[in-house]
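Take 23 as the starting number for the sequence shown in our numbering and just add one per residue. Backbone N, C-alpha and C define an ideal beta-carbon position, used for all residues, glycine too. On a predicted model such as this, the values are computed, not experimentally measured, just so you know. For reference, the structure is listed below as structure tokens.
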Amino acid sequence: MFTADRIARRVEELGAQIERDYEGKELVLLGVLKGSYIFISDLARAIDLPLSIDFIGLSSYGEATESSGVVKITSDLTRPIERKHVVIVEDIVDTGLTMRYLLDNMATRRPASVKLCTLLHKPSRARTRIPIDYLGFEIEDRFVVGYGLDANDKYRNVPFIGVLRHG
């Protein structure tokens with residue numbers, strides 16, 4: 023679906039855009055675990071600004087390939103984000119329910135701003151409207167793995183993004 027080179031080029035473009043938008047501001051990249059860990063690492067290196075990185079763990083899948091719709095925080099931020107500019111870094115926005123929960127939760131922590139950067143978006147699966155400020159790629163409704171995305175915690179280390187075929 024997306025080669026390692028194509029992903030790298032798009033991440034550089036996203037980094038340049040974020041760099042322009044946040045020059046002179048206190049920026050926090052907030053990675054959603056586990057899927058965003060490769061993306062946030064590459065994205066942070068593409069942004070030539072002082073920034074901090076934090077992570078939050080959320081679960082709505084368990085061992086399933088379909089979101090349950092019930093979101094829980096499995097690992098919270100390590101520092102306050104009050105009065106800071108936060109860019110949430112996500113691997114994929116599917117139904118949008120998990121991201122809606124996270125955006126609402128972050129708003130209660132009084133940041134200066136919250137924006138969303140997602141590598142992938144499946145608009146055909148959306149069940150709620152989510153503002154995506156920085157988008158890598160739109161994709162069809164396929165189960166994809168690689169570049170941090172997994173199937174039962176496997177394939178995250180694959181350097182490209184491909185469609186997982188069962189059978």
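Along the stretch 92-130, the beta strand (DSSP E) occurs as fully enclosed runs of 3 or more residues at 94-97, 107-115, listed in sequence order. Membership of Asp-43 in the alpha helix (DSSP H) is indicated by the continuous run 26-44. Taking C-beta separations shorter than 6 Å and ignoring five residues to either side along the sequence, the partners of Arg-132 in its chain run Glu-104, following chain order. Annotation for Leu-157: Thr-140, His-143 place their beta carbon closer than 7 Å to its own, counting only its chain and skipping 5 residues before and after. Under DSSP, Lys-176 shares a beta bridge with Ala-173.
Exposure of Glu-162 is indicated by the presence of fewer than 16 other C-beta atoms within 10 angstroms of its C-beta.
Here the C-alpha atom of Glu-48 lies approximately 8 Å from the C-alpha atom of Ser-74. In the three-state reduction of the DSSP assignment, Leu-186 falls in the coil class. Take the alpha-carbon of Ile-62 and the one of Ser-146: they are about 25 Å apart. With 16 or more other CB atoms across the displayed protein chains lying within 10 angstroms of its CB, Ser-58 is buried.
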